[in-house]
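In what follows, a structure is listed as structure tokens, so that the remarks can point back to it.
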Amino acid sequence: MVQFFFKRFFHVFPAFIGVTLLTFSLIHLIPGDPVELRAGERGIDPARHAEIKAEMGLDKPLYVQYFRYIGNVFKGDLGKSYVTKKPIVEEFFTLFPATLELSFCAMIFAVLFGLPAGIIAGVKRGTAFDHTIMAASLTGYSMPIFWWGLLMIIFFSVFLGWTPVAGRLSAIMWIDMDTGFMIIDSLRSDEPGAFRSALSHLILPAIVLGTIPLAVIARMTRSSMLEVLKEDYVRTAKAKGLSGRRVILVHALRNAMIPVITVIGLQTGTLLAGAILTETIFAWPGVGKWILESIGRRDYPAIQGGILIIATLIIFVNLGVDVLYGIINPRIRYNS
Amino acid sequence: MKWHKLVSVAGIAVLFCMLAVSAQAKTKTLVFCSEGSPEGFTPALYTSGTTFDASSRQLFDKLAMFERGTTKIVPGLATSWEISPDGMVYTFHLRKGVKFHTTPYFKPTREFNADDVIFSFWRQHDKNHPYNKVSGGSYEYYAGMSMPTLIKSIEKKDDYTVVFTLTKPNSPFIANMAMDFASIHSAEYANKMLVAKTPDEFDQKPIGTGPFVFVSYQKDSTIRYQAFDQYWAGRAKIDKLVFSITPDASVRYQKLKAGEAHLMPYPNPADLAAMKTDANINLMEMEGLNVGYLAFNTKKEPFSNVKVRQALSMAINKKAILEAVFQGSGKVAKNPIPPTIWSYNDAVKDYEYSVDAAKKLLSEAGFANGFETDIWAMPVQRPYNPNAKRMAEMIQEDWKKIGVNAKIISYEWGEYLKRSMAAEHQTLLLGWTGDNGDPDNFLAVLLGCDAVGNANRSQWCYKPFDDLIKKAVLVSDQKERTKLYEQAQVVFKEQAPWVTIAHSVVFKPMSKKVVDFKIDPFGGHVFYGVDLKE
Chain A
1 MVQFFFKRFF
11 HVFPAFIGVT
21 LLTFSLIHLI
31 PGDPVELRAG
41 ERGIDPARHA
51 EIKAEMGLDK
61 PLYVQYFRYI
71 GNVFKGDLGK
81 SYVTKKPIVE
91 EFFTLFPATL
101 ELSFCAMIFA
111 VLFGLPAGII
121 AGVKRGTAFD
131 HTIMAASLTG
141 YSMPIFWWGL
151 LMIIFFSVFL
161 GWTPVAGRLS
171 AIMWIDMDTG
181 FMIIDSLRSD
191 EPGAFRSALS
201 HLILPAIVLG
211 TIPLAVIARM
221 TRSSMLEVLK
231 EDYVRTAKAK
241 GLSGRRVILV
251 HALRNAMIPV
261 ITVIGLQTGT
271 LLAGAILTET
281 IFAWPGVGKW
291 ILESIGRRDY
301 PAIQGGILII
311 ATLIIFVNLG
321 VDVLYGIINP
331 RIRYNS
Chain B
1 MKWHKLVSVA
11 GIAVLFCMLA
21 VSAQAKTKTL
31 VFCSEGSPEG
41 FTPALYTSGT
51 TFDASSRQLF
61 DKLAMFERGT
71 TKIVPGLATS
81 WEISPDGMVY
91 TFHLRKGVKF
101 HTTPYFKPTR
111 EFNADDVIFS
121 FWRQHDKNHP
131 YNKVSGGSYE
141 YYAGMSMPTL
151 IKSIEKKDDY
161 TVVFTLTKPN
171 SPFIANMAMD
181 FASIHSAEYA
191 NKMLVAKTPD
201 EFDQKPIGTG
211 PFVFVSYQKD
221 STIRYQAFDQ
231 YWAGRAKIDK
241 LVFSITPDAS
251 VRYQKLKAGE
261 AHLMPYPNPA
271 DLAAMKTDAN
281 INLMEMEGLN
291 VGYLAFNTKK
301 EPFSNVKVRQ
311 ALSMAINKKA
321 ILEAVFQGSG
331 KVAKNPIPPT
341 IWSYNDAVKD
351 YEYSVDAAKK
361 LLSEAGFANG
371 FETDIWAMPV
381 QRPYNPNAKR
391 MAEMIQEDWK
401 KIGVNAKIIS
411 YEWGEYLKRS
421 MAAEHQTLLL
431 GWTGDNGDPD
441 NFLAVLLGCD
451 AVGNANRSQW
461 CYKPFDDLIK
471 KAVLVSDQKE
481 RTKLYEQAQV
491 VFKEQAPWVT
501 IAHSVVFKPM
511 SKKVVDFKID
521 PFGGHVFYGV
531 DLKE
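If you read the protein sequences in the order shown, they are chains A and B.
Throughout the first sequence, residue numbering follows our numbering, covering 1 to 336 in sequence.
Throughout the second sequence, residue numbering follows our numbering, covering 1 to 534 in sequence.
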């Protein structure tokens, strides 16, 4: 198992270098000049323009900039934002708890509803329930997030008044942010009603962000269950007279879980990086929105650093998934 | 007995809750649904209105200030000022008894004085100042307003008198002193941070003399302020001010509708009709201090020919553009400065829309068969041009009628600005929002000879015009300046380096609970003086 873990771990390095190279090249390929953007309509004197570019290190050839950047990365320095002049690591980890909190809740929502829906649809193949689940998941998967989010806000927040429109906490509540996780900080605060407010602010964004993963998980679980239910060992288990529940939950589900876990792993990565739209609609102060705004401002250190940290996290989530395979299915471990 | 105890404890708890609720009800908290995050809290380091809203407009004061809702200059931290007869020396008499904010991170031991003024300007001016390089040390506004070359020295005559000596006379100088970059900081706080070896914190945890005290900032989420009890002009009417950062305009509107916010900036033009009919929303409007224009590159043929420029100006149906692009939220522009700025020359006659007259003039210029050109359309939305692509299409159609075939070109915004500075365009759409309400801030910055290769996108350097605006800067008397600027506008119209298209109307939707909010002509949001109805 240890050997298996280390083998997987060494695959991480090429991926890591690839990410830095790709991000660096892509952001320098897109047109735009951070200095011009800052000056706006006013324009900037060419001499001052050159001076600022030199201060930013943008006057050097691209390969020099890349090696300097990668050298600093290995020293743990991701640079400072051109806009706020704050270290990227500090900026990122100020916002990351918000993204993590939202992604975690969205994933819980997706797994909690997606897994049972997929199992039941698989077991009751061809029934009305199966068709409903598949149609609903297809709709959920195809729903444009922006539209879906606004629709939820208009219906639940404005029309029914059940949930707040956007943000993480009611604006009139003032609490200290110690951990960055609103649920924890609001629970620890003295502000009456803060915890409830934090929870109610999480509902809509978690549902909106969790919709696509839910649809994917439900569909994947269903098809995986269908495969497994045809296997000999399931028939054998049934023939041995085991209860239907035991056959499904113990014999079938465990084997059906491999692709489902892969999907959950991949979707977790997507959630961490892809909460951009949800964060923008719900004014959720997370890293997705931050990276998007940084692209608009051509804040190169923020884009590079932000993507690098997220990519590293995704790489490790997938490493975790690989290790989890080995635990669930020993054949994967031994074959590799 | 146990039950009795339990009941009394519950009773006391309920009583406390009721007291807490009533205390909360008495606190007036205004929630402003702002559009973005500030870059920091030292206005001199940045140029965006979002940052100024969060910093200079709530936390800081300047020597001179703009009267709320107008471009009129009134005394601020300086109670009065004198200008020497040669216009080179400005003596400011400072206000006494002005206190800096007391916060958990800084407790001032003295009141505001001349040292604070010198620190605030010298940090930006002197490259060897210990704070000059802190937080990136880039002072684009200070440089953009030519302060490094204009200010020769700043001297402290006594604790309450500061003397600015200039290198040449400059009439807009007082207006510049009211701008955001001229916010006054605490020199004592700066020294404390320097001694503690944390000068960066000076720019993140602000201390000012303004009407609100900074409480906290949660990045991309919320900024909190508290009314400053000892504010020299009297305490703010609201107790707490919250900026709830919401980048999407539709969501800002939903927050306003749901009662989660009291005021929002930059509504979607498409939502305006619904806002007007909403019983809970008060939609204020005001002409913006801006101009949207089409600039001809006068260095390139055929736009070096004034007749061509005039003909193309006549060929554009501005009214149709206003209806289609601004949807009622703009007014036709005939001058390069908006009507809200003093010296606006209403006597100037705009080129009347006439295809025949335009054809005739073009033929006189030697282009009877028209020519090929381009129109650059901005990729971004701005108050002075909400949809540049649509506007470009309409101009393209209009010009086609006189035989001028234009190709529409657009680039990414940074690239657009860079290439237009390099004068790669033939004609381009752009605009400007005023900084200080002075005509010089439009006429010299956008059309002066010194601005060629910079913000003068038409590359137009015309001596009779330039002489007028240069003379106007040297004169202190506003009546005399007005005459010069009025003449300059006549010259501008004759020469037609731009087609002035529109001045936009700014809309501010707010809850009907908001009392006495005034739209800032500079596009900012000032909450001092604003109240909330129960």
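Using N, Cα and C, we set each Cβ at its ideal position, and we do this for glycine too.
Just so we're clear, the structure is a prediction, and the values are computed from it rather than from any experiment.
Between Met286 (chain B) and Pro509 (chain B), the gap from beta carbon to beta carbon reaches 8 Å or more. If the five residues before and after Ser56 (chain B) are omitted, its C-beta is found closer than 7 Å to the C-beta atoms of Pro43, Asp180 and Ser183, all from its own chain and listed in chain order. Contact between Ala218 (chain A) and Ala117 (chain A) holds, with the beta-carbon distance rounding to 4 Å and staying under 8 Å.
Contact annotation: Gly43 (chain A) and Met421 (chain B) have beta-carbon atoms nearer than 8 Å. Residue environment analysis places Ile108 (chain A) among the exposed positions, since fewer than 16 neighbouring C-beta atoms fall within 10 angstroms of its C-beta. Residue-level contact by beta carbon fails for Trp147 (chain A) and chain B, as no gap is shorter than 8 Å. Taking a C-beta distance under 8 Å as the contact criterion, Ala302 (chain A) and Ile52 (chain A) do not qualify as a contact pair. Leaving aside the five residues that flank Pro336 (chain B) on each side, the residues in its chain whose CB is nearer than 8 Å to its CB run, in chain order, Val291, Tyr293, Phe442, Leu443, Leu446, Leu447, Gln489, Phe492, Trp498 and Thr500. Counting only unbroken stretches of 4 or more residues, the alpha helix (DSSP H) elements lying wholly within the stretch 199 to 277 of chain A are 232 to 239 and 253 to 274, in sequence order. The alpha helix (DSSP H) runs lying completely inside the stretch 405 to 458 of chain B and spanning 4 residues or more are 413 to 421 and 440 to 447, given in chain order. Within 7 Å of the CB of Asp59 (chain A), no CB atom of chain B is found; the nearest one sits about 15 Å away. The beta carbon of Gln204 (chain B) sits closer than 7 Å to the beta carbons of Gly40 and Phe41 from its chain, once the five residues preceding and following it are set aside; these are given in chain order. Lys85 (chain A) belongs to the set of residues whose beta carbon lies under 8 Å from a beta carbon in chain B.
Taken in chain order, the whole beta strand (DSSP E) runs of length 3 or more contained in the stretch 502 to 534 of chain B number zero. Going by C-alpha positions, Ala39 (chain A) is about 10 Å away from Ser48 (chain B). Taking C-beta atoms under 8 Å as the contact rule, Asn268 (chain B) and Ser511 (chain B) fail to qualify, at a distance of about 18 Å. The beta carbon of Trp413 (chain B) falls within 8 Å of a beta carbon belonging to chain A, placing the residue at that interface. Among the residues facing chain A, Val213 (chain B) is not included, as its CB has no counterpart in that chain under 8 Å away. In terms of beta-carbon proximity, Trp162 (chain A) stays away from the interface with chain B, with every pair separated by 8 Å or more. Of the residues assessed, Ala47 (chain A) falls on the exposed side of the cut-off, its CB having fewer than 16 other CB atoms within 10 angstroms. Arg48 (chain A) carries a helical assignment under DSSP once its states are collapsed to helix, strand and coil. Per DSSP, the unbroken beta strand (DSSP E) holding Arg224 (chain B) starts and ends at Thr222 to Ala227. With fewer than 16 other beta carbons inside 10 angstroms of its own, Ile327 (chain A) counts as exposed. In the DSSP assignment, His262 (chain B) falls outside any beta strand (DSSP E) and carries neither an H nor an E.
The alpha carbon of Lys389 (chain B) has as its nearest neighbour, out of B:Gly370, B:Ile118 and B:Leu428, the alpha carbon of B:Leu428.
Apart from sequence neighbours up to five positions away, the residues of its chain that approach Thr179 (chain A) with a beta-carbon distance below 7 Å are Pro97 and Asp185, ordered along the chain. In the DSSP annotation of this structure, the continuous segment of the alpha helix (DSSP H) that includes Gly18 (chain A) starts and ends at Val12 to Leu29. Legend: CB atoms of the stretch 283 to 305 of chain A lying less than 7 Å from CB atoms of chain B belong to residues Ala283, Pro285, Lys289, Trp290 and Arg298. Secondary structure note for Asn290 (chain B): its beta strand (DSSP E) is the uninterrupted segment Asn290 to Phe296. Separation of Tyr225 (chain B) and Phe243 (chain B) (C-alpha to C-alpha, rounded to the nearest whole angstrom) is 8 Å.
Bounds of any beta strand (DSSP E) do not take in Tyr141 (chain B); it lies within the alpha helix (DSSP H) bounded by Glu140 to Gly144. DSSP, reduced to helix, strand and coil, places Arg95 (chain B) outside both helices and strands of the structure shown, so it counts as coil.
Using a Cβ-Cβ distance cut-off of 8 Å, the stretch 229 to 241 of chain A and the stretch 73 to 87 of chain A are not in contact, since fewer than three pairs of beta carbons, one from each stretch, lie closer than that value. Within the stretch 38 to 52 of chain A, the residues whose Cβ lies closer than 7 Å to any Cβ of chain B are, in chain order, Arg38, Ala39, Gly40, Glu41, Arg42, Gly43, Asp45, Arg48 and Ile52.
Proximity of chain B to Met177 (chain A) at the Cβ level (cut-off 7 Å) is accounted for by Gln218, in chain order. Using a Cβ-Cβ cut-off of 8 Å, Pro213 (chain A) is close to nothing in chain B; its nearest Cβ partner there is about 23 Å away.
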